[in-house]
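Reviewing the structure listed below.
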């Protein structure tokens, strides 16, 4: 999330609070999906076997590579999510009050604010 100065020297934001919250929610969903993929990518423990076939060894190595790939994807997504969280927390702490945004997943209004450096999300009263 970048800000820049316009020709008059004023700081300009490139994303609205709603857009930043949408990015936060979308990345959160991607992180959860990546965790599920990683959890499902299990490798059998082969230490109790005297030997395995070449085909089993190949399948094990492929599964190990897929698990490593899933770990890297989760690591990258988590880092991106962390960057978005930092931006959102920074803006919310500057505002120092609750902000009503739309939760795109279910269309409900939620209140977000900063508390102790963390993002707090509450259901908005109707």
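Residue numbers (my numbering): 1 to 126.
C-beta: ideal position from N, C-alpha, C; glycine also.
None of these values were measured; they are calculated from a predicted model.
Within its chain, find whatever has a CB closer than 7 Å to the CB of residue i; leave out the 5 residues flanking it on each side and keep chain order.
i, result
"residue 109", "100, 102, 124"
Helix or strand or just coil, what does DSSP make of residue i?
i, result
"residue 15", "coil"
"residue 104", "coil"
"residue 52", "coil"
"residue 38", "helix"
From residue i to residue j, what does the alpha carbon distance come to, in whole angstroms?
i, j, result
"residue 93", "residue 84", "14 Å"
"residue 77", "residue 69", "12 Å"
"residue 1", "residue 16", "With a pLDDT of only 47 at residue 1, under the threshold of 50, the placement of this residue in the model should not be trusted, and no figure is reported."
Mind checking residue i: buried by the 16 CB within 10 Å criterion, or exposed?
i, result
"residue 34", "buried"
"residue 112", "buried"
"residue 14", "exposed"
Counting only the same chain and skipping the five closest in sequence on each side, list residues whose C-beta sits under 6 Å from that of residue i.
i, result
"residue 114", "89, 92, 93"
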